[in-house]
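These notes concern the structure reproduced below.
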Amino acid sequence: MKAVGVIGYKGSGKTSLVVSLSQELKKRGYRVATVKHIHGEIDLPEANTAKHGGYTDQVAAISERESAVFFKRKKSLEDIMAYLEADFVLVEGFKTERTYPKVVCLREKDEPKDLFDGLQVLVAMLSPKKTMPGVPVFRIAHDVKRMTDIIEKIAFKLPNLNCGACGYETCYELAKKIVKGDKTDRHCPPLNPGTEVRLGGRTLPMNPFVDRIVHSTIKGLLSSLKGFRKGKIEIKIEE
Ligand code: SF4
């Protein structure tokens, strides 16, 4: 699953851009999901689900066309993304997250520089196009295809394990190198493990140490059995 962030201050056109990019990616045949940072409550205060939520840890709602689960505590972006079924995830807000490339939406060219953390791949503006050093600038209403071309090529999501297996202490350091074009997400071993463990239908992220232990232990045990042959191993464990 690949991700790109869309960040900017209020009124900078983030939501319009997320909608336009989603439409364009869908047209290109991808499954698209979005995650939006919300200030305050998500559920409507008068909704029955909110009333249920006052006394439970999770609330689910199912209608003819939609399903939703409300967790009554804050989850990490990685936890939530594990539930998504998508090729691309557009993450609106979360400007301090640093494990994927970002589109910066600006109202004015000279807005505070805290939106620029080395992960920006393009700037999108509502107003007529201006130029900025080191990053292409596009108009939100007119350049959606060109912005999507860039996102399609560069989107990635590092696991946020900060395990150091790529040679950098944090995922942020590798993410900056990927955005610069010096590395790719193939340099992150947990993203390309020798072992895949799925729980409840979802892949469980493993750091390289656990990956190696699981890989070598299972192969070691099975290789002593009669009939063992090299190749892909599939194991299913039921409770
Ligand atoms: S190997 Fe992957 S998960 Fe570990 S620090 Fe590097 S980018 Fe992050």
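Residue numbers (the numbering used here): 850 to 1088.
Here a beta-carbon is modelled for each residue, glycine too, at the ideal position from N, C-alpha and C.
- Between residue 1052 and residue 906, the alpha-carbon positions lie close to 23 Å from each other.
- Between residue 947 and residue 1021, the C-beta spacing is below 9 Å.
- In the three-state reduction of the DSSP assignment, residue 954 falls in the strand class.
- In this chain, the alpha helix (DSSP H) harbouring residue 995 covers 993-1003.
- Separation of the CB atoms of residue 1055 and residue 936 is rounded to 22 Å, and the pair is thereby denied contact status at 8 Å.
- Residue 974 places its beta carbon 9 Å or farther from that of residue 852.
- Pairing residue 901 with residue 1048, the inter-Cα distance amounts to about 28 Å.
- Segment contact: the region 1000-1010 against the region 1034-1041, three or more CB-CB distances shorter than 8 Å; contact assigned.
- One Cα belongs to residue 886, the other to residue 928, and the distance between them is close to 14 Å.
- If only uninterrupted alpha helix (DSSP H) runs of at least 4 residues are considered, those enclosed by the region 865-908 are 897-902.
- Between the region 982-991 and the region 888-895 there are fewer than three inter-stretch CB-CB distances shorter than 8 Å, so the stretches are not counted as touching.
- Counting only residues of its own chain and dropping the five nearest sequence neighbours on each side, residue 960 has a CB closer than 7 Å to the CB of 858.
- For residue 974, the secondary structure class from DSSP, reduced to helix, strand or coil, is strand.
- By the CB criterion at 9 Å, residue 943 and residue 884 fall inside the cutoff.
- If you look at residue 939, you'll find it in the beta strand (DSSP E) that goes 937-941.
- Here residue 1047 is bridged, per DSSP, to 1052.
- Shortest gap from the CB of residue 1043 to any heavy atom of the ligand SF4: 8 Å or more.
- DSSP places residue 856 in the uninterrupted beta strand (DSSP E) bounded by 851-857.
- With distances taken between CA atoms, residue 999 lies nearest to 970 out of 970, 1014, 1026, 1024.
- Contact annotation: residue 940 and residue 972 have beta-carbon atoms that are not nearer than 9 Å.
- Shown here, residue 925 sits in coil according to DSSP, grouped into three states, outside any helix or strand.
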